[in-house]
Amino acid sequence: MISDLMNTRSTLVDRAHAEMRLAALLRQAPIEFARAVYGINDHASGRTDTMAAREIVRALQQGIAVTQERAEQRSRAYLPTAGHEHCPRCWVVYGHKSPLRFREATEERPESAACSACGAEYATTLD
């Protein structure tokens, strides 16, 4: 019985941590949508030297048409699951589910998730 209590507590702590990660990532999807809109507008205006516009150019070079409507749809549909978290930027801009790598928190920085496909990095704690 004590063993069951120990396992239950561990599961609850891990579940709470996973839920915190997911909540932090869910907050990023609307930000990535806004970034995509800035990139689309910058690209259309000839300002191709911004980071957001360069992301749009990369998508266009890969044959992915990026529209504001589609980026908004993907932003609203972003739904990572615990253990299968994927990059909000890759999802909103490219429509790809690129897995995230997590780095544990240290004294100098909070826990973060990084995408190897696009280079985005996200804090996974809510402060």
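Residue numbers for the sequence shown, in the working numbering: 1126 to 1252.
A virtual CB, placed ideally from N, CA and C, is assigned to each residue, including glycine.
Remember, predicted model here, so these are calculated numbers, not experimental data.
{"Asked": "Same chain, Cβ closer than 6 Å to residue 1140, neighbours up to 5 away in sequence not counted", "Found": "none"}
{"Asked": "As assigned by DSSP and simplified to three states, the class of residue 1225", "Found": "strand"}
{"Asked": "Between the CA atoms of residue 1165 and residue 1250 - distance to the nearest angstrom", "Found": "29 Å"}
{"Asked": "Bridge partner(s) assigned by DSSP for residue 1203", "Found": "In the DSSP output, where bridge partners are listed per residue, residue 1203 has none listed."}
{"Asked": "Own chain, CB closer than 7 Å to residue 1198, minus 5 neighbours either side, in chain order", "Found": "none"}
{"Asked": "Buried versus exposed, by CB contacts within 10 Å (16 or more), residue 1167", "Found": "buried"}
{"Asked": "First and last residue of the uninterrupted beta strand (DSSP E) at residue 1177", "Found": "Here residue 1177 belongs to no beta strand (DSSP E); instead the alpha helix (DSSP H) covers 1176–1186."}
{"Asked": "Buried/exposed call for residue 1241, threshold 16 Cβ in 10 Å", "Found": "exposed"}
{"Asked": "C-beta atoms of residue 1162 and residue 1196 nearer than 8 Å", "Found": "yes"}
{"Asked": "Residues bridged to residue 1239 [DSSP beta-bridge criterion]", "Found": "1226 and 1246"}
{"Asked": "Residue 1085 to residue 1181 span [Cα, whole Å]", "Found": "Here the chain has residues from 1126 to 1252 only, and residue 1085 is not among them."}
{"Asked": "7 Å Cβ shell around residue 1146 - same chain, five flanking residues per side excluded", "Found": "1210 and 1249"}
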